[in-house]
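Sequential numbering of the sequence shown, starting at 408, is according to the working numbering.
C-beta: ideal position from N, C-alpha, C; glycine also.
Here the structure is laid out as structure tokens; the discussion comes afterwards.
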Amino acid sequence: MKILVLNGINLNMFGKRDPAHYGSATLDQINTGVNALGNELGALVECFQTNFEGEMVERIHRAHAEATDAVLINAGAWTHYSYGIRDALAILKCPIVEVHMSNIHAREEFRHHSVIADIALGQICGFGVDSYLLALRAAVNAVSTAKNRKA
């Protein structure tokens, strides 16, 4: 089972940026935890981060070509306005789980809207690093359930 974890704009600054909302864990620490849980759950996890929207779209296109089983995405601020990333995600034939460290619904008004939410299997937010781990469990479960239905 191949799971792709996508992290968008400014998320390379986890651990340095606004610890009240994002905690003190770095993106490398988050990736290490996600990979460890992936191994435990029998999933091969690849983590990718970029601050360039076109590069994110290209990585999503590659996920389609590679028949990735599920995608977790924390698009950062792109969540609220990037129709390009949303449209690229819509090409995928696999479950998409939207992830946020902070509770975007309890923050500034502009953060309440997600252009990704309507194509995602679900959205997990507000649990810090655990948001990623919960999202990974949900994605693995969704893929396993779908495979069992086909069998």
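### Message
For the segment 497 to 511 against the segment 533 to 543, do three or more pairs of beta-carbon atoms, one drawn from each stretch, fall closer than 8 Å, so that the two count as touching?
### Response
yes
(Q) Between which residues of its own chain and F517 is the CB-CB distance below 8 Å, once the five residues before and five after are set aside? (A) Here residue 517 is taken as the residue at index 110 of the sequence shown, counted from 1. Cβ neighbours of F517 beyond the five flanking positions: H487.
| message | Let me check understanding here. Comparing Cα to Cα, which of K423, L448, A427, E447 lies closest to Q436? | response | Locating residue 436 in the sequence shown gives position 29, where the first residue counts as 1. The candidate whose alpha carbon is nearest that of Q436 is K423.
Let's test the definition: count the other Cβ atoms within 10 Å of the Cβ of D476 and tell me whether it reaches 16, buried, or not, exposed. Locating residue 476 in the sequence shown gives position 69, counting from the first residue. Under this definition D476 is a buried residue.
By the 10 Å Cβ neighbour count, where 16 or more other Cβ atoms means buried, how is F459 classified, buried or exposed? Walking along the sequence shown from the start, residue 459 turns up at place 52. Exposed, since its Cβ has fewer than 16 Cβ neighbours within 10 Å.
Member of L496, S551, L541 whose CA lies at the smallest distance from the CA of D525
Here residue 525 refers to the residue found at position 118 of the sequence shown. Among L496, S551, L541, the Cα nearest to that of D525 is on L496.
Please tell me whether V412 and V441 are closer than 7 Å, where the distance is taken between their beta carbons. Walking along the sequence shown from the start, residue 412 turns up at place 5. Walking along the sequence shown from the start, residue 441 turns up at place 34. Cβ atoms of V412 and V441: closer than 7 Å.
Contact check, L371 vs L444, beta carbons under 7 Å
The first residue shown for the chain is 408 and the last is 558, placing residue 371 beyond what the model contains.
If you reduce the DSSP assignment to three classes, tell me which class L448 lands in. Taking the sequence shown and counting its residues from 1, the one referred to as residue 448 is at position 41. The answer is helix: DSSP assigns L448 an H, G or I state.
Over what stretch of residues does the alpha helix (DSSP H) that includes I523 continue unbroken? Position 116 of the sequence shown, counted from the first residue, corresponds to residue 523. Looking at the DSSP string, I523 is not in any alpha helix (DSSP H), and its letter there is neither H nor E.
> Taking the DSSP output, what are the residues bridged to Q530?
Replying inline: Start at 1 with the first residue of the sequence shown, and residue 530 comes out as number 123. The partner list for Q530 (beta bridge, DSSP) reads E505.
Next on the checklist: Counting C-beta neighbours from all protein chains within 10 Å, is the total for N481 16 or more, i.e. buried, or is it exposed?
Outcome noted: Translated into positions along the sequence shown, residue 481 becomes position 74. N481 comes out buried.
Discussion item. I believe A450 touches I498 by the beta-carbon criterion, under 8 Å. Please report the beta-carbon distance rounded to the nearest angstrom.
Written reply: In the sequence shown, the residue the question calls residue 450 occupies position 43. In the sequence shown, the residue the question calls residue 498 occupies position 91. The Cβ separation is near 22 Å, so there is no contact.
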